[in-house]
């Protein structure tokens, strides 16, 4: 009977050991699954952060392109103003040349008039 009792105690201890083993394995599996969930969550956060970073980068590149296009427009406008100023300067120059031509022609008319006066004086003198 003592032998049977000791065998029973051994079986009980063995079954308790199996239960403890199963419990330990269950805890390990639980920890492993929680670890996987944490890993997936952290990977998801990294992917989210990366996509947000790409959006920010794309937005900043878009702003740079906008500024560049605005800069080109300003440059084109300033070049247009320079061309306008140059063409106005040419008009002023051509007007000035026209004034000189007018003054020259007026001078020629005065010269011709004075020559006619001299001829008239010569004719009168003779």
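Numbering (the working numbering), first residue to last: 87 to 212.
Backbone N, C-alpha and C define an ideal beta-carbon position, used for all residues, glycine too.
Just so you know, these numbers come straight off a predicted model, no measurement behind them.
Rounded straight-line distance, which links the Cα of residue 123 to that of residue 90 = The straight-line gap separating the alpha-carbon atoms of residue 90 and residue 123 is approximately 49 Å.
Rounded to whole angstroms, what's the CA-CA distance from residue 187 to residue 196? Just pull it up for me.
-> 14 Å
Using DSSP with H/G/I as helix, E/B as strand and the rest coil, what is residue 87?
-> coil
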